[in-house]
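These protein sequence lines are chains R and H, in that order.
Heads up, the first sequence is in the working numbering, so the first residue is 41 and it goes up one at a time.
Heads up, the second sequence is in the working numbering, so the first residue is 309 and it goes up one at a time.
A quick write-up on the structure given underneath.
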Amino acid sequence: MSSRRSSRSRQSGSSRISDDQISDLVSKLQHLIPELHRRRSDKVSASKVLQETCNYIRNLHREVDDLSDRLSELLASTDDNSAEAAIIRSLLNY
Amino acid sequence: MSSYNMVKQEFIKKWITTLHILDCSVEHPLNVTERKNAIKLSSDIAMAAARSSSTVWSRALISRSGNKTANKPMARRVLKKARNRMKNRCLTLRRNGNFTAKSGVRRRTELLKRLVPGGELIENKDYLIRETLDYIVYLRAQVDVMRTVAAVDSVTGNLTNDNN
């Protein structure tokens with residue numbers, strides 16, 4: 041049954057995500073996304089994987105936004121070169 | 309050095325460049341909002357430039373950053389530098405109309421397409437997944453580096469906590 045399903049997705053130009061793609065995606069995402077670590081791969085649905093991925097990306101976007109806010113406040117507090125210099129220095133020593 | 313650390317190193321190099329260009333081309337003083345937007349812009353462009361032109365998301369991000377800052381001369385300089393490094397032409401995103409999908413997978417796939425830059429242009433699901441995985445690695449590197457920099461004490465130049 042699963043081979044019929046995956047061959048169908050090949051014929052239709054991958055209009056559906058196949059089981060193979062899902063398990064491949066899950067194994068790769070498990071390294072990257074904490075929430076997926078605790079689940080065994082054969083129990084994870086495509087929908088759940090996509091949901092966790094979307095949540096993860098959204099959270100990262102929000103963090104970038106928050107960090108940009110914090111960095112701009114950091115630089116605003118001392119408007120001379122010392123803050124910029126400290127930041128550049130920390131980047132170079134990273 | 310792990311490949312993830314190499315990603316972070318590449319991002320740092322590019323970010324130093326974009327920050328420097330912005331710093332030179334901007335009229336001081338900036339208000340807090342302008343500064344925040346400049347930081348975010350330079351960070352996003354640096355992330356995309358670190359990846360090179362071989363992914364859809366990096367090209368789309370550069371293109372999108374260009375649309376946001378068309379009237380700002382400071383950003384034009386940054387983009388010109390980043391664009392010159394891109395071998396392919398940038399994509400222009402065309403926003404589709406509202407898409408209502410019935411099943412959970414289709415709906416969530418559409419959501420994912422909107423979150424990954426250039427995702428809406430990718431028809432092939434396999435390709436979308438590969439782009440997503442690539443994009444996540446670089447996005448995490450961007451966050452990790454920005455988090456460390458934000459922890460810098462502005463007077464001593466030391467990190468204020470032991471994060472990373």
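Glycine included, every Cβ here is placed at the ideal spot set by N, Cα and C.
Quick one: measure Cβ to Cβ for residue 418(H) and residue 430(H), integer angstroms, because I've assumed they're closer than 8 Å.
-> For the purposes of this step, residue 418(H) is identified with residue 110 of the second sequence, where counting begins at 1. For the purposes of this step, residue 430(H) is identified with residue 122 of the second sequence, where counting begins at 1. Actually they do not touch by this definition, with Cβ atoms about 12 Å apart.
Do you know how far the Cα of residue 420(H) is from the Cα of residue 362(H)?
-> Within the second sequence, the letter at position 54 stands for residue 362(H). Within the second sequence, the letter at position 112 stands for residue 420(H). Near 20 Å, if we compare the C-alpha coordinates of residue 420(H) and residue 362(H).
Determine the direct distance from the alpha carbon of residue 88(R) to that of residue 332(H), and round the result to whole angstroms.
-> Here residue 332(H) refers to the residue found at position 24 when the second sequence is read from its first residue. Here residue 88(R) refers to the residue found at position 48 when the first sequence is read from its first residue. Roughly 46 Å separates the two Cα atoms.
Alpha carbon to alpha carbon, what distance is there between residue 113(R) and residue 68(R)?
-> As a first step, residue 68(R) must be located in the first sequence, where it is residue number 28. As a first step, residue 113(R) must be located in the first sequence, where it is residue number 73. The alpha-carbon atoms of residue 68(R) and residue 113(R) are separated by roughly 37 Å.
Who are the Cβ neighbours of residue 73(R) in its own chain at under 8 Å, not counting the five residues just before and after it?
-> Here residue 73(R) corresponds to residue number 33 of the first sequence, with the count starting at 1. So the list reads 92, 93, 96, once near-sequence residues are dropped.
If we cut at 9 Å on Cβ distances, does residue 61(R) have a partner in chain H?
-> What you label residue 61(R) is simply residue 21 of the first sequence in a count that begins at 1. For residue 61(R), the answer is yes, since a Cβ of chain H falls inside 9 Å of its Cβ.
Along the alpha helix (DSSP H) that carries residue 447(H), what are the first and last residues, could you check?
-> Locating residue 447(H) in the second sequence gives position 139, counting from the first residue. Here the alpha helix (DSSP H) through residue 447(H) covers 433–458.
What are the boundary residues of the alpha helix (DSSP H) that residue 418(H) is part of?
-> On the second sequence, residue 418(H) is found 110 positions in, with the first residue counted as 1. Judged by DSSP secondary structure, residue 418(H) falls within the alpha helix (DSSP H) whose first and last residues are 412–423.
Which class does residue 405(H) belong to by DSSP, given the choice of helix, strand or coil?
-> Translated into positions along the second sequence, residue 405(H) becomes position 97. Low confidence applies here, because residue 405(H) scores a pLDDT of 42, under 50, leaving its location unreliable and the question unanswered by this model.
If you measure from the beta carbon of residue 447(H) to each beta carbon in chain R, is any gap under 9 Å?
-> Translated into positions along the second sequence, residue 447(H) becomes position 139. By this cut-off, residue 447(H) is an interface position.
Can you tell me whether DSSP reads residue 52(R) as helix, strand or coil?
-> As a first step, residue 52(R) must be located in the first sequence, where it is residue number 12. Only weak support exists for where residue 52(R) lies, its pLDDT of 41 falling under 50; the value from the coordinates is given anyway. Coil.
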